[in-house]
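Data block below; observations after.
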Amino acid sequence: MENVIQQILNGISLGSIYALIALGYTMVYGILRLINFAHGDIYMMGAFLGYFALGLWNFSFPIGLLFAMGGAAVLGIIIERFAYRPLRLAPRISLLITAIGVSFLLENLMVLWVGASPRPFPQKIPLQIYFIGDIVVTNRQIIIVLVSITLMFLLQFIVLKTKVGKAMRAVSFDKETALMMGIDIDKVISLTFAIGSSLAAAAGVLVGLYFNKIDPYMGVMPGLKAFVAAVLGGIGIIPGAMLGGFILGIAEVLVSAFISSTVRDAVAFVILILILLIRPSGILGKYMREKV
Amino acid sequence: MLSVNNLHVYYGGIKALQGINFEVKEKEIVALIGANGAGKTTTLKAISRLVTLTTGDIFFYEINLKKLPPHKVSALGIAHVPEGRRVFANLTVLENLELGAYLCKDKKKIKTNLEFVFSLFPRLRERCKQLAGTLSGGEQQMLAIGRALMSDARLLLLDEPSMGLAPLLVQEIFRVLRKINEEGKTLLLVEQNANMAFSISHRVYVLETGKILMSGPSQEIARNEQVRKAYLGG
Ligand SMILES: Nc1ncnc2c1ncn2[C@@H]1O[C@H](COP(=O)(O)OP(=O)(O)O)[C@@H](O)[C@H]1O
Ligand SMILES: [Mg+2]
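Right under this line is the structure:
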């Protein structure tokens, strides 16, 4: 029993990382109907920005985290502006292929710049281990969960309670009518990319802290899994991405602890297939019918 | 206040508007009637800059709208009540109304406008916290009109506000439109329901396959033989 609780705690840490990445997928999908396949690489770029800020320039952890989030936000805005915006009226498949192109571009630029081999992440926070009975919790796990949950609350506040959040929801529902209201939809889309990218960057820095290892291809697998998490919760639905992230993280850890760690990566894809078969709109998704 | 000059709009090869001219004066209700596919919606979308003008100009006072991006039109005092209402179904009624006042920074004015909208449509006040998608068709139309009023616009573009509504609700909507006009707003009203359009408007333009067929005071046009046959059922 202790072991199950232990694994669930580990799953929550991993799940909060997936949830942070999944939020960016779901927000961008919500506003552009685009599966932004470069999103996992933004997470990787965020981890490297954190690496430079903490290791090279010796910032403190909170400042390094904020720096990585800000840098990734700018990167997200640039990618949207130059890669996706010119294709706003193009067929969706062009947009998807471009996203894959941007993903390769980011990975290979980083390989060119820092090399493909993994590097240790600068550890600014000394590891502390707490025992609660037989259960082990580290201060890093606590930080990951606290930072993630704070960011999720902040995001929910922005989306639900602020004027710009209202505009985001309006643009994602109906762009033409949003224009009639005087909403500058380009600005709203930029902001969506900025927020989504900064959340992914936060996940990247937290992963560096947790697993102590980063490399230019680190975004590929978590990117795919976070995408599954977003679909699981209901793509386009913000609380769905959080829920999907936590479920996926916990499922993955439980499977690798009690079945076999070699199949841990398969968990996400089994879940994807199941959800597409049973409930394609996701756990929180529903079809809204039009009224006359 | 609004003058449309030699307006052409093409969708690829489809010539939706082929050189139309009309004007709307302050405090008027001008109706634009025509059958399905005549180009009524396209005309309103051209004014709101949601479609590209192939040639021609649209002046709002002395400003040429041709040069404006679509999100700048609302700031001039033009509000569009689109065909099919297009309320933000995923937002509450109140949030929809607040979005109508998106560009307004004056909190007091927003409050006044909100009270005005609620006085016109008391049902919206009751349903304030409800998601707009859960409203009935008539209530959604009220919300779409209310949302447009929140922007403090001087000119309202209304695209078939009677569409799909029961006769009693149509009466109700048109009663409110008349009241809005009496409060000093100018209305450009697009309708297939020619009877209602004639009864409320001061002047009418009849649109047929992208061209203006005739225009004049509503009383006069309503007596026209050709119009009676085509739009009023004899
Ligand atoms: N997005 C579009 N793409 C191509 N053709 C369109 C589009 N919108 C309207 N049309 C065409 O333009 C013409 C005018 O349409 P519209 O302005 O919607 O007419 P109305 O509102 O009077 O029914 C029609 O022939 C219609 O098929
Ligand atoms: Mg129409």
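Sequence order for the protein chains is A and B.
The first sequence runs contiguously to residue 291 in numbering that gives the first Met the number 0.
The second sequence runs contiguously to residue 233 in numbering that gives the first Met the number 0.
For each residue, glycine too, the CB sits at the ideal point set by N, CA and C.
8 Å Cβ cut-off: residues of chain A touching residue i
i               : result
glycine 99/B    : Met180
glutamate 125/B : Neighbours of glutamate 125/B on chain A: none; closest Cβ ~18 Å, over 8 Å.
proline 81/B    : Glu175, Thr176, Met179
Beta-carbon neighbours of residue i, restricted to chain B and to distances below 8 Å
i                   : result
alanine 169/A       : Phe87, Leu90, Leu98
alanine 37/A        : What alanine 37/A touches in chain B: nothing, since even the nearest Cβ is about 27 Å away.
phenylalanine 172/A : Phe87, Ala88, Asn89, Leu90
isoleucine 184/A    : His70
Counterpart residues of residue i in DSSP-defined beta bridges
i                : result
valine 73/A      : Bridge partners of valine 73/A: none, in fact.
serine 2/B       : Glu22/B, Phe58/B
methionine 213/B : Val205/B
alanine 30/B     : Leu188/B, Val203/B
valine 80/B      : Leu157/B
serine 17/B      : Position check: residue 17/B holds glutamine in this sequence, whereas serine was assumed. His7/B, per the DSSP bridge assignment.
threonine 91/B   : Leu130/B
asparagine 63/B  : Phe58/B
Under 9 Å by beta carbon: chain A residues contacting residue i
i              : result
alanine 74/B   : Gly181
glutamate 94/B : Lys165, Arg168, Ala169
Residue i: contacting residues in chain A (beta-carbon distance under 7 Å)
i             : result
serine 47/B   : Met179
leucine 102/B : Gly181
proline 69/B  : Leu178
Proximal chain B residues relative to residue i, where beta-carbon distance stays under 7 Å
i                : result
isoleucine 237/A : Within 7 Å Cβ-Cβ: nothing; isoleucine 237/A doesn't reach chain B, min ~12 Å.
Using the beta-carbon of each residue, find all residues closer than 5 Å to any heavy atom of ligand 1 and list them in chain order.
The set, ordered by position in the chain, is Tyr10/B, Ile13/B, Ala15/B, Asn35/B, Gly36/B, Ala37/B, Gly38/B, Lys39/B, Thr40/B, Thr41/B.
Does the pairing of the stretch 52 to 60 of chain A with the stretch 33 to 43 of chain A give three or more beta-carbon distances under 8 Å?
Output reads no: the stretch 33 to 43 of chain A does not touch the stretch 52 to 60 of chain A.
Quick test of the definition: if touching needs 3 or more C-beta pairs under 8 Å, does the stretch 159 to 171 of chain A touch the stretch 83 to 99 of chain B?
Yes, the stretch 159 to 171 of chain A touches the stretch 83 to 99 of chain B.
Quick check for students: name the residue ranges of the alpha helix (DSSP H) that lie wholly in the stretch 103 to 146 of chain B, counting only runs of 4 or more.
Residue ranges of uninterrupted alpha helix (DSSP H) with 4 or more members, entirely inside the stretch 103 to 146 of chain B and ordered along the chain, are 106 to 119, 121 to 125.
Could I get the ranges of all uninterrupted alpha helix (DSSP H) runs contained in the stretch 53 to 119 of chain A, with 4 residues as the minimum, in chain order?
Here the runs fully enclosed are 60 to 78, 91 to 113.
Segments assigned alpha helix (DSSP H), at least 4 residues, entirely inside the stretch 181 to 213 of chain A
You should have 184 to 210.
Run through the stretch 214 to 287 of chain A for me and flag every whole alpha helix (DSSP H) of 4 or more residues, listed as ranges in chain order.
Counting whole runs of 4 or more residues, the stretch 214 to 287 of chain A contains the alpha helix (DSSP H) stretches 219 to 232, 237 to 257, 263 to 277.
Scan the stretch 113 to 173 of chain A and note each continuous alpha helix (DSSP H) run of 4 residues or more that stays entirely inside, going in chain order.
The alpha helix (DSSP H) runs of length 4 or more contained entirely in the stretch 113 to 173 of chain A are, from start to end of the chain, 138 to 160, 162 to 172.
Across the stretch 179 to 188 of chain B and the stretch 147 to 156 of chain B, are there enough close Cβ pairs to call them in contact, namely three or more that are closer than 8 Å?
By the Cβ test, the stretch 179 to 188 of chain B is in contact with the stretch 147 to 156 of chain B, since at least three Cβ pairs between them sit closer than 8 Å.
Below 8 Å, can you find three or more Cβ-Cβ pairs linking the stretch 161 to 174 of chain B to the stretch 124 to 142 of chain B?
The count of Cβ pairs closer than 8 Å, one atom from the stretch 161 to 174 of chain B and one from the stretch 124 to 142 of chain B, reaches three, so the stretches are in contact.
For the structure I just gave you, are there three or more beta carbon pairs, one from the stretch 103 to 113 of chain B and one from the stretch 65 to 83 of chain B, closer than 8 Å?
Segments in contact, no.
If you pair each beta-carbon of the stretch 249 to 267 of chain A with each one of the stretch 5 to 15 of chain A, do three or more pairs fall below 8 Å?
In this structure the stretch 249 to 267 of chain A touches the stretch 5 to 15 of chain A; the number of beta carbon pairs closer than 8 Å is three or more.
Three or more C-beta pairs closer than 8 Å, one from the stretch 69 to 79 of chain A and one from the stretch 186 to 196 of chain A: is that the case here?
Three or more Cβ pairs drawn from the stretch 69 to 79 of chain A and the stretch 186 to 196 of chain A lie within less than 8 Å of each other, which places the two stretches in contact.
Closer than 8 Å is the cut-off here; do at least three beta carbon pairs connect the stretch 53 to 71 of chain B with the stretch 211 to 218 of chain B?
Remark: fewer than three beta-carbon pairs, one from each stretch, lie closer than 8 Å, so the stretch 53 to 71 of chain B and the stretch 211 to 218 of chain B are not flagged as touching.
Would the stretch 266 to 282 of chain A count as touching the stretch 19 to 37 of chain A if we require 3 or more Cβ pairs under 8 Å?
No, because fewer than three Cβ pairs between the stretch 266 to 282 of chain A and the stretch 19 to 37 of chain A fall closer than 8 Å, the two stretches do not touch.
Could you check whether the stretch 205 to 214 of chain A touches the stretch 115 to 129 of chain A, counting it as contact only if at least three pairs of C-beta atoms, one from each stretch, sit closer than 8 Å?
These segments touch.
Spell out a yes or no on whether the stretch 7 to 21 of chain A and the stretch 226 to 237 of chain A are touching, meaning 3 or more CB-CB pairs, one atom from each, closer than 8 Å.
Using a Cβ-Cβ distance cut-off of 8 Å, the stretch 7 to 21 of chain A and the stretch 226 to 237 of chain A are in contact, since at least three pairs of beta carbons, one from each stretch, lie closer than that value.
Can at least three beta-carbon pairs, one atom from the stretch 270 to 282 of chain A and one from the stretch 232 to 248 of chain A, be found at a separation below 8 Å?
Judged by Cβ distances under 8 Å, the stretch 270 to 282 of chain A makes contact with the stretch 232 to 248 of chain A, as three or more pairs qualify.
Tell me, please, whether the stretch 24 to 38 of chain B touches the stretch 194 to 213 of chain B by the rule of three or more beta-carbon pairs shorter than 8 Å.
Judged by Cβ distances under 8 Å, the stretch 24 to 38 of chain B makes contact with the stretch 194 to 213 of chain B, as three or more pairs qualify.
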